[in-house]
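Numbering (our numbering), first residue to last: 21 to 346.
Beta carbons are placed, not taken as given, at the ideal position from N, Cα and C, and that holds for glycine.
Small disclaimer: the values here were computed from a predicted structure and weren't measured.
Heads up: the structure comes next, in structure tokens.
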Amino acid sequence: MLATSYLLALLAVLLAWPVPVALSRAQWPARSPFAAMVLWQSIALAGGLSMIGAMLVYGLSPLGDSLIGAIRRAVTIVLENEAPDELHFWHLFALSAAALLSVHLVFTLLLTYARIVAQRRRHRELLSLLSSPSGALERTWVINHPAPVAYCLPGGSRSVTVLSDGLMETLAPEELRAVVGHERAHLTQRHHLLLWAFEAWRSALPWLPTTRLAREAVNALVEMLADDVARRTVSDDVLVRAIALVAVGDVAGGEASAPGRGGGAAPGGGLVTGAFDTDGVDIAGRLSRLLTPRPPLGAGATGAVLAASLLLLAAPTVLLVAPGLV
């Protein structure tokens with residue numbers, strides 16, 4: 021049990037600093053954003069499980085040779101009101117820390133969700149007053165705004181894409197189609213759920229380098245994924261022009277956003293309006309990726325990344341549940 025806790029602690033340290041730093045500096049995620057997204061999710065889940073698991077296993081180590089057996093012994097102690105003579109100060113401290121961290125993570129996740137829902141509700145109310153349905157585009161609302169604005173507002177069956185009339189006047193029909201395709205990709209691929217989870221993780225553990233790097237990486241990856249969907253219906257040149265024109269409008273107008281960019285509470289937000297601030301998304305990086313495209317990762321490399329993601333999740337799980345493994 022002690023060896024298991026040490027291994028879990030080592031894995032937690034690796035996933036908290038060197039692994040996410042190395043991944044954030046890598047160039048290949050732009051070639052395969054889906055695989056990179058899976059890997060970032062695995063790092064986050066495995067890191068959290070390792071942190072909590074290391075403390076839990078250490079705290080229960082005097083009660084048995086496996087986590088399951090130790091938990092049974094702990095339940096017996098509680099139900100029969102026995103004195104936990106096997107547990108000393110540091111064991112109780114580790115158990116308390118594991119419980120507090122677990123509650124903190126879950127509470128922050130729920131609190132972030134409640135905040136997002138409230139902000140979206142207020143934003144939807146504003147839209148009902150300041151916008152009108154587009155007659156030409158399904159589930160699209162148009163606001164009276166001179167700057168080019170494009171974003172999506174998730175809400176299940178009530179999800180909508182919001183455009184400004186300034187955007188519709190600025191862009192050519194094919195460029196507008198690229199913007200709409202980009203925004204709808206965010207909705208159909210449920211990118212707001214990914215951003216919600218990583219924003220909650222960042223809020224819960226702001227001191228952890230992984231949380232900051234992961235949120236920045238995920239913000240960039242969802243834009244790449246949405247760009248790739250738009251590229252199926254328009255050429256790269258068209259998409260580049262659309263991103264560039266809206267970005268120029270952003271600088272000139274002050275409130276507009278590039279397709280999918282942003283997350284402020286006011287119109288001109290972006291991917292998940294009223295939820296997250298993703299103004300740090302690298303527009304130049306997106307344009308460079310489209311202007312000088314590199315071939316996607318091969319099947320072997322993609323399979324290796326996905327296998328590594330699976331192993332990251334499996335390692336702490338096996339260490340926790342396999343009796344007498346270490």
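Where does Gln118 land, buried or exposed, given buried means 16+ other C-beta within 10 angstroms?
Position 98 of the sequence shown, counted from the start, is the residue given in the question as residue 118. Before going further, note that residue 118 is Ala rather than Gln in the sequence given. Per the 10 Å Cβ criterion, buried.
Taking three-plus beta-carbon pairs below 8 Å as touching, is the region 61-69 in contact with the region 29-43?
yes
What separation, rounded to the nearest whole angstrom, lies between the Cα atoms of Ala103 and Arg93?
Along the sequence shown, read from residue 1 onward, the residue named residue 103 stands at position 83. Along the sequence shown, read from residue 1 onward, the residue named residue 93 stands at position 73. Roughly 12 Å between the two C-alpha positions.
How is Ala170 classed by DSSP in three states: helix, strand or coil?
Working through the sequence shown from its first residue, we reach residue 170 at position 150. It is a strand residue.
Out of Ile72, Leu146, Val199 and Ala246, point me to the one whose CA is closest to His206's CA.
Position 186 of the sequence shown, counted from the first residue, corresponds to residue 206. Taking only the C-alpha atoms, the option nearest His206 is Ala246.
Inspect the CB distances between the region 154-166 and the region 243-257 and report whether three or more fall short of 8 Å.
With a cut-off of 8 Å, the region 243-257 and the region 154-166 do not count as touching, because too few Cβ pairs lie within range.
Assuming Leu307 contacts Ile263 under a Cβ cut-off of 8 Å, what Cβ separation, rounded to an integer in Å, is found between them?
Against the sequence shown, residue 307 aligns to sequence position 287. Against the sequence shown, residue 263 aligns to sequence position 243. Going by Cβ atoms, the distance from Leu307 to Ile263 rounds to 6 Å, so yes, they are a contact pair.
Exposed or buried, what is Gly283 when buried is set at 16 or more other beta-carbons lying within 10 Å of its beta-carbon?
Here residue 283 corresponds to residue number 263 of the sequence shown, with the count starting at 1. Residue placement at Gly283 is poorly supported in this model, since its pLDDT is 37, which falls under 50; the coordinates still yield a value, given next. Under this definition Gly283 is a buried residue.
Same chain, Cβ closer than 7 Å to Ser329, neighbours up to 5 away in sequence not counted:
Here the question's residue 329 lines up with position 309 in the sequence shown. If we look at Ser329 and ignore the five residues flanking it on each side, its Cβ neighbours are Val58, Leu59 and Ser62.
Would you report the Cα separation of Leu28 and Leu339, rounded to the nearest angstrom?
In the sequence shown, the residue the question calls residue 28 occupies position 8. In the sequence shown, the residue the question calls residue 339 occupies position 319. Those two C-alpha atoms are separated by around 8 Å.
So for Ser184, helix, strand or coil by DSSP?
Within the sequence shown, residue 184 is the residue found at index 164, counting from 1. If DSSP states are grouped into helix, strand and coil, Ser184 belongs with the strands.
Cβ shell of Cys172 (< 6 Å), same chain only, five flanking positions each side left out
Residue 172 sits at position 152 when you count from the first residue of the sequence shown. Cβ within range, chain order: Thr181, Glu203, His206 and Leu207.
Would you call the CB atoms of Pro315 and Arg140 closer than 9 Å?
Position 295 of the sequence shown holds residue 315. Position 120 of the sequence shown holds residue 140. Cβ atoms of Pro315 and Arg140: not closer than 9 Å.
Cβ-based burial, Gly305 [other Cβ within 10 Å; buried from 16]
In the sequence shown, counting from the first residue as 1, residue 305 sits at position 285. So Gly305 counts as exposed.
Sequence-distant residues of the same chain with beta carbon closer than 7 Å to Leu259, five excluded per side
Along the sequence shown, read from residue 1 onward, the residue named residue 259 stands at position 239. Around Leu259: Ala198, Asp247, Ala250, Arg251 and Leu310.
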